[in-house]
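K.L.:
Numbering (the numbering used here), first residue to last: 178 to 512.
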Amino acid sequence: MISPGVIEQREVSEPGKLKDNEILLRIKRIGVCGSDIHVFHGKHPATPYPVVQGHEYSAIVEATGNKVTKVKPGNRATARPQLVCGECGPCKRGQYNACQKLKVQGFQAPGVAQDLFVVPEDRIVLFPDSMTLEQGAMIEPAAVGAHSTNRVSGLKGKNVVVSGAGTVGNLVAQFAKARGAAKVLITDISDFRLNIAQQCGIEGTLNVKTTPFEEGIKSFFGNDGFQVGFEAAGVQTSLDVLMQFVEKGGEVVILGVYSQNPVVNMFYLGEHELNVFGSMMYRHEDYETAVEMIASGKIITAPLLTTSFPFNKYLEAYKFIEEQGEKSMKVMIEL
Ligand SMILES: [Zn+2]
Ligand SMILES: [Zn+2]
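Structural data, given as C-alpha cells:
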C-alpha cells in the first residue's frame, strides 16, 4: 500500500540464502482485519507508508535453514508477526507482546502480502494437515481470543459479556465458553454478526440497537448478572455499559481499537472497585493454544469466513468490505 487506498504490486527478487534458524514460507491465505482497514483508510495511528500488509496468514514451508529441526518442507505453518527487542523490561519478564520497541509485520515492518516470506524458527507455529489453510489463517485472531481470556482472574463458573461480534469478539466469546464460563452473552448492533455467533455455538446474543443493554442482561442472566466483560467493539457506549453493569468487583478487558478516544467513567471504576485492563495481541503459547482449539473443533471458524479474493484483486477485497459493511466478517486473500 503506497498511500491510503492505493495498492501497487511489484516483482521483487526471491529471498537470499536462509540463515541457520530461518524458514522460507510460501504464503497461501491472508486474512484482512480491521487494523488493515484502518491502514487502507489512512487512519491507523502507527503505520507509515509504503507498507506491505498482511499479518494473519497460513503458509506451506518451502525450505529450512541448516539448524532447523522441527520444521520440514511441506508442513503447514503460520508465525507470530511480532518483532520484539528481547531486552526491555516487558521482554525480560516474558511480556514481549508489549515490548517497548514492538514492531508488527504488516504495520511497522513488511508483512506477508508476498509469495515468499522468511521467518525465524522461534516465531513459527505448525498446524496439522487436518486443518484447512483457511483455518490456519484464523490462528492469529483466535490467539487474540486465547490471550485475552487468560488475562482475567479465571472464567470458570462466571457469567461473561462480550461487546462486539466481529471476528475477534466472536473468538473471545468462543474461548470464554471453552474456558468454562457459565453463560456467555455477545452483543452487537448487527443481526448478521449475531447470527454468525450463534452458528459458532454462542447461545446468548443481544442486539443493543433493538433491546437496551440492561434489559438484555436481566433477561439472559437473571439476578446473577455478569462478572467479566470483554470490550471488542472499540466504541464509547460499549465501554460505558460494561463498566456500569458488570458486577461490583468485576473485570473488564479492553481489546477494541478506539478511533475516537473514549471518556471513562471513573465513578464506576472506583466505587465498584473494578479491574479494567488491556490485552495486547498474544504470546507464543496463545498461538499454540489457538491451533489446539481449532484442530480439536472447540473453536469454530468456518462461519466467520465471508469470501475470498485472489491476490491480484487485493484492492477489490477492500472495496467489498467497504460495500458490505456489517454484512461481511472475515475476507481472505488467496495466493
Ligand atoms: Zn489483525
Ligand atoms: Zn522488548
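All residues carry an ideal CB built from backbone N, CA and C; glycine is no exception. Only a predicted model underlies this, so the values are computations on that prediction, with no experimental measurement involved.
Can you give me the Cβ contacts of N357 inside the same chain, cut-off strictly under 8 Å, excluding the 5 residues immediately before and after it?
P.N.:
Note that residue 357 corresponds to Gly in the displayed sequence, not to Asn. L332, K333 and G334.
K.L.:
Compute the Euclidean distance between the alpha carbons of H221 and H215, then round it to the nearest angstrom.
P.N.:
Cα to Cα, H221 sits roughly 5 Å from H215.
K.L.:
Using the beta-carbon count (16 or more within 10 Å), is Q376 buried or exposed?
P.N.:
The residue in question, Q376, is exposed, as its Cβ has fewer than 16 Cβ neighbours within 10 Å.
K.L.:
List the endpoints of the continuous beta strand (DSSP E) containing E199.
P.N.:
Residues E199 to V209.
K.L.:
Give the range of the alpha helix (DSSP H) segment to which S340 is assigned.
P.N.:
Run containing S340: none in the alpha helix (DSSP H); it sits in the beta strand (DSSP E), N336 to S340.
K.L.:
In whole angstroms, what separates the C-alpha of P192 from that of G182?
P.N.:
Rounded to the nearest angstrom, the two C-alpha atoms are 27 Å apart.
K.L.:
Whose C-beta lies closer than 7 Å to the C-beta of P487 among residues of the same chain, with five residues either side of it excluded?
P.N.:
Cβ within range, chain order: E511.
K.L.:
Whose C-alpha, out of V338, T388 and D299, is nearest the C-alpha of Q404?
P.N.:
Q404 has its Cα closest to that of V338, out of V338, T388 and D299.
K.L.:
Report the start-end ranges of each alpha helix (DSSP H) in the stretch 279–329 that is 4 residues or longer and not cut off at the edges.
P.N.:
You should have 310–313 and 316–328.
K.L.:
Please state if the CB of V248 and the CB of I301 are separated by a distance shorter than 8 Å.
P.N.:
Against a cut-off of 8 Å, the Cβ pair of V248 and I301 comes out as a contact.
K.L.:
So, helix, strand or coil for K507, using DSSP?
P.N.:
Reduced to three states, the DSSP call for K507 is strand.
K.L.:
Excluding the 5 residues flanking G251 on each side, which residues of the same chain have their C-beta closer than 6 Å to its C-beta?
P.N.:
Excluding residues within five positions, none has a Cβ falling inside 6 Å.
K.L.:
Would you kindly work out how many angstroms separate the C-alpha atoms of V453 and V430, rounded to a whole number?
P.N.:
Straight-line Cα distance between these residues: approximately 6 Å.
K.L.:
Residues bridged to A240 by DSSP?
P.N.:
A240 is bridged to L201.
K.L.:
Run the CB neighbour count on E493, radius 10 Å, all protein chains shown included, and call it buried at 16 or more, exposed below.
P.N.:
Looking at its Cβ environment, which holds fewer than 16 other Cβ atoms inside 10 Å, E493 is exposed.
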